[in-house]
Every structure is written in structure tokens, then in C-alpha cells.
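2 protein chains.
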Amino acid sequence: MLESRAVDDVAEVLRHEIARGVLAVGERLAPERQLALRFEVNRGTVRAALGRLEAEGLLSVRQGSGYLVRDFRRTGSLELLPSLVAGRSAKERLAIASDLLAVRRQLAALVLERLREVPSAALASVRRAIEDFELAAQSRDVARVAAADLDVLAALLAVTESPVLQLCASPVANVLAELPELRDAIYAEPQTNVMAYRALLAALELPRTKRPSADQLAVILAERDRVTLARLAER
Amino acid sequence: MLESRAVDDVAEVLRHEIARGVLAVGERLAPERQLALRFEVNRGTVRAALGRLEAEGLLSVRQGSGYLVRDFRRTGSLELLPSLVAGRSAKERLAIASDLLAVRRQLAALVLERLREVPSAALASVRRAIEDFELAAQSRDVARVAAADLDVLAALLAVTESPVLQLCASPVANVLAELPELRDAIYAEPQTNVMAYRALLAALELPRTKRPSADQLAVILAERDRVTLARLAER
DNA sequence: TCCCTCGATTGGTTCGACCAATCTGATGGT
DNA sequence: ACCATCAGATTGGTCGAACCAATCGAGGGA
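Residue numbers (the numbering used here), protein chains in the order written: chain A, 1 to 235; chain B, 1001 to 1235.
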């Protein structure tokens, strides 16, 4: 199986402690040599883990002084949402899922704005990705469906040619796949997603002047998320 | 001065090469030992740099096989936008700035939606942050103004109590401060920002039933960004 | 032709040492 | 009593070498 590396284990534990507040903001971390004893790994391994957390914005470090816990709400990114979700109440997890889908819709609105201006021919790659998604949707393998959905998003984002939209949307999409509860709710009935994509594609392949407004397109995605949240709430 | 660490230098060079496409997606990186020779540092230092890039989603690694360049458009995040901006044409940089501000507005819309439902008393911390921002705005020190603006955002996000909004909005705000060109354009006339914040705060401190709609509030931010982009375009 | 095996390659971890920045507390002067 | 200063301890940063573990690939055998 996927034997995780020692460095990942150490980083995971510390990340979790920061996310849960066991290590308060501004607090000093134990020295590297001490952490090495605690986790029973070499100091170099501890350093690798701490380096990752620093890159994630969870720690700051000064030579001779030590590591300080930063305020992840100001310097963190979505990557650590999974650690943040662990141990929260069902109600809180539902609120998080709702917010996450809302953010996705807001970003999708920008993407759709741009796609409305693109010649239909440029959507060939999107059509292919959606057709692959339809195939995957029949497999009932949630992981495979989720992967195919990421491919659809990548195709859509590629057409926008906007690095900003790509770099903003990708983390949102990727974190969805790392929240099993939410991911299962999204793909519990993949046909819902297939229908939404078909509707979007049909609208965007119309002649440019006849395409629905961005608001009208957004309705399709809003309905999809509404279904997902209802499914999530009734558990 | 700020003597950067060797590990940061190595990571920066490799990050830049990936962002610029010198290292193509799917390509294998040179082995660690070889990179150590190239950069004239220890292999452990190279490993630390590669570990950061892996955490940033730029590389994948398999023991015995090596490092592969991932598609940062799918697995990266906003952190690497600065590397992506370097070397682009003025026109492209303007499009990036425009997109970035558009994303910020979309996220701000969600934040304002929630703030409209919050009792005025909860906005005391926001008022304090805005007053500090007004003081900083008089200093004409762009870095200080930008820092105070981040404090305002943090206060706004804290009121929402939404970890998702916090983790989504922070990277956007932080990357703005790392793009000098855009940052200078935003704060060239700080009074513009002060006026916008005052208007927002006044609107949100009204009795809940008398507050303007989220759309009306969004207009204030849109106007602010319009000014910024005009300033950026005329250079 | 296919498959297996074994050596070479490459990342993962450990150990030990030393350098550099910082912190702390004792010292000594005012 | 207060404070500046300095030396030693603490702590992160880098280095070098060694060995383990997963993978790859060329050569040989069925």
C-alpha cells in the first residue's frame, strides 16, 4: 500500500495541532532537536516537515530563535481545510461545505463570463472532457468520477487562458476531492453533473450572440449545488 | 540585510524555471545529487527546496524514480503568481491584475453577504482596523498602507467566522502585496481606499433592515478597482 | 519473444559535525 | 538600583558521508 513517508507523518501531526489550536498563534514550537526526539525521527526529517509547514504559511522561522505559529487564517491556504474539518460538528462541516460551493460558484461565474466570448471551436477540448466525464459517471467509482470532473475543470480553465483563474480555481476543486463527505455528496448521483455539463456546453456552443447571459448559466451550477447540499444535510 | 537562505534561492530558481516552462510539464528533473552540484549546495539543501516545491504542487516525487514536473495550472496555487508574472508583457500583466481584482471582488461579495447579517456591534474590530488604515494612509509608505489593508481584511474575515472564506481570500490578498506594480497602483492614492472603506462601514453599521443590498455594496469595490486599473493601464 | 534477475540509479533517512543568528544571564561600571 | 556589555548557551542552517528502499533497465535464460 501507500506507505507514507516519515516526513509526511510529522507534518500531518503538527499541521493538525496548529489547525486545532493545540499550538496557539504566536506560540513558539519546540526546538527541532526536541521534536526529533518526540517523533523518533532524525532532525533532518523534522526539518523537512517544518519546511513544508513554513511553505504552507503555518510557521515562521528565525535562525537562533525558533519557529513561531502563524495565524493560518491570514497566511494559510485551502490546503489545510481537511485538517480544519477534522473534529468539527456536523453543522459546522455543513457550513464549510456550503461556503466552499459558494466560492466555487463565484469563481465559475468569472470563468463562464470569459467562455461566453470564446468561439465554439475552442470548446472542442471541453466537449471531449465532458464526454469522458459521462463515461466515468457510469462507473459508479466516485474517485474516478471526481478525477474526470477535475479534467473537465482543467479543460474549461485552459480555454480561459487566465493564469489567475487557473490558480484560484484549482485549489478549490482539489480540496473538494479531499473532503470525502462532500465529495461523495457531489457525486452520489453523477447524472446530475452530467446534465449540468451538457446544458452548459450546449449553451456555450451556440452562436456567440445567442448565448444565455452569465447569470443564466450560473443558475445551472447553483441548482447542482443546491441538490448536493440537500443530500449532505439529510444525513 | 535580509540574507536569504540557500534553500530559498534554489527553490526560487527551480520555481521560476517551472513557471516559465523551461522545465516542461511531465519532464523529469535532474537527480538530487546532480542538482546539488549545479547549485553548489549540499544534497540536503536541495531536498529541502524540492520538498517545498512539492508542497506547492509543482513537483511530484517517487522514490527510486525521481521528480516529475506537475501541471501547476491544475495543482498549483496563487503563491507562484509572482514567478509567473516575471517576464510577461505589460499587456499580459494588466490582464493578470484585472483578473486578480475580479476574483477579489467575487470573494468580497460573499464576505459582504455575511456581514450584512451581522449585528453592528460585531463590527467594532473592523472599525478599529479601518481607523488604523486611515492613519497609515497618511504616511505615504506603500508597504505600511498595504499591511494595514491586510489588517482590515483580516478583521472583516474574522467577523464572517468562515474558515473557507478566510482561507480563500487570504492568498488573494497576500499575492497582491507581492506584485509591486499592482500594489503601487492600488495604494497610489490611499484616500480612494479610505473613502471606500468608510462608505462600506457606514452602510454596514446601519440597522440591519436598512442596509444596502450586497450588490449595492459591491459597486463601491468595483469603482475602487476601476480606478486602480485605469492607473495601471496609463503607464 | 517474453520474462526474470540483478546491478545501477535515485529518493528517504540517519548520524555527526560545524557555522551563524539569537537569546540569556552574569558581569561590571555608573 | 539601573543599564550597557560581553560570553556562553540555545537554536536554526548547512555540510558530508553513509546506508536503506523503491524503481529502472540492460542482459541473460526459458
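For every residue, glycine included, the Cβ atom is placed at its ideal position computed from N, Cα and C.
* Under 7 Å from the C-beta of Ile96/A: neighbouring residues of chain B -> Pro1163, Val1164
* Sub-9 Å separation of Leu221/A and Ala97/A beta-carbons -> no
* **Pairwise C-alpha distance: Ser1060/B and Ser1170/B** => Cα-Cα distance, rounded: 26 Å.
* To do: Between the Cα of Phe39/A and those of Ala185/A, Arg20/A, Glu12/A, Val118/A, spot the shortest distance and give me the residue it belongs to.
  => Glu12/A
* Could you have a look at Ser4/A and say whether DSSP puts it in helix, strand or coil? => coil
* Closer than 8 Å, Cβ to any Cβ of chain B: which residues of the segment 147-179 of chain A, in chain order? -> Cβ contacts with chain B come from Leu150, Ala154, Leu157, Ala158, Ser162, Pro163, Val164, Leu165, Gln166, Leu167, Cys168, Ser170, Pro171, Val172, Asn174.
* Based on the DSSP output, what are the partners of Ala1126/B in its beta bridges? -> The sequence shown places Val at residue 1126/B, not Ala. In the DSSP output, where bridge partners are listed per residue, Val1126/B has none listed.
* Classify Arg28/A as helix, strand or coil using the three-state DSSP reduction. => DSSP places Arg28/A in strand when its eight states are reduced to three.
* At 7 Å on the CB atoms, spell out the chain A contacts of Asp1099/B, in chain order. => Ser162, Val164, Leu165
* Considering only C-alpha positions, which residue in the set Leu1081/B, Ser1139/B, His1016/B is nearest to Pro1180/B? -> Leu1081/B
* **Ile186/A versus Leu1206/B - alpha carbon distance** => Just so you know, the alpha carbons of Ile186/A and Leu1206/B end up roughly 38 Å apart.
* Arg236/A: buried (16+ other C-beta within 10 angstroms of its C-beta) or exposed? -> Shown here, chain A extends from 1 to 235; a query on residue 236/A therefore has no answer.
* Which of helix, strand or coil does DSSP assign to Leu1162/B? -> Rather than Leu, the amino acid found at residue 1162/B in this sequence is Ser. Ser1162/B: coil per DSSP, three-state reduction.
* **Min CB distance Glu1017/B to chain A below 9 Å** => no
* Can you tell me where the alpha helix (DSSP H) with Arg1235/B in it begins and where it stops? -> Where Arg1235/B is concerned, there is no enclosing alpha helix (DSSP H), given that its DSSP letter is neither H nor E.
* Asked: Just how far apart, CA to CA, sit Ala1154/B and Ala1055/B?
  -> 25 Å
* Straight-line Cα distance separating Ala1030/B from Leu1084/B -> 22 Å
* To do: Give the DSSP bridge partners of Arg1062/B, in chain order.
  => Gly1066/B
* Asked: Whose C-alpha, out of Arg1005/B, Val1172/B, Asp1215/B, is nearest the C-alpha of Leu964/B?
  -> Because chain B is modelled from 1001 through 1235, residue 964/B falls outside the range shown and cannot be assessed.
* Asked: Under 9 Å between the Cβ atoms of Arg208/A and Ser89/A?
  -> no
* Select from Val103/A, Glu32/A, Phe72/A the residue whose C-alpha is nearest the C-alpha of Ala24/A. => Phe72/A
* To do: Check each candidate in Thr1045/B, Glu1017/B, Gln1034/B, Val1022/B and name the one with the smallest Cα separation from Arg1005/B.
  => Thr1045/B
* **Backbone secondary structure at Gly1076/B - three-state DSSP** => coil
* For Leu167/A and Gly1076/B, believed in contact at Cβ under 8 Å, the rounded distance -> 6 Å
* Asked: If we count Cβ pairs, one from each stretch, closer than 8 Å, do we get three or more for the segment 1119-1135 of chain B versus the segment 1187-1204 of chain B?
  -> yes
* Euclidean distance between Cα positions of Arg1211/B and Glu1113/B -> About 11 Å.
* To do: Could you check which residue in Asp1151/B, Val1152/B, Lys1091/B has the C-alpha nearest to that of Arg1235/B?
  => For the residues Asp1151/B, Val1152/B, Lys1091/B, the minimum Cα distance to Arg1235/B belongs to Lys1091/B.
* What residues from chain A crowd round Val1013/B, counting only those whose CB sits closer than 7 Å? -> Here the premise fails: no neighbours, minimum Cβ distance about 16 Å.
* To do: Select from Asp1151/B, Arg1074/B, Leu1094/B the residue whose C-alpha is nearest the C-alpha of Arg1226/B.
  => Leu1094/B
* Less than 8 Å between the CB atoms is what I'm expecting for Ala48/A and Leu14/A, so what's the real figure, rounded? => With a Cβ gap of about 12 Å, Ala48/A and Leu14/A do not count as contacting.
* Can you round the beta-carbon distance between Val111/A and Leu165/A to whole angstroms, since I take them to be within the 8 Å contact cut? -> Their Cβ separation, rounded to whole angstroms, is 6 Å, which keeps Val111/A and Leu165/A in contact under 8 Å.
* Would you say Asp9/A reaches chain B, if we count a Cβ-Cβ gap shorter than 9 Å as a contact? -> Taking a beta-carbon distance threshold of 9 Å, Asp9/A does not count as an interface residue toward chain B.
* To do: Would you check if the distance between the CB atom of Gly66/A and the CB atom of Arg28/A is smaller than 9 Å?
  => yes
* To do: Find the residues of chain B that neighbour Leu217/A, judging by a C-beta separation of less than 9 Å, and give them in chain order.
  => Residues of chain B passing the Cβ test: none, with the nearest at roughly 15 Å.
* **Pair within 9 Å by beta-carbon distance, Leu204/A and Leu107/A** => no
* To do: Under 8 Å Cβ to Cβ from Asp151/A, same chain only, skipping five residues before and after it: list those, please.
  => Ala129, Asp132, Phe133
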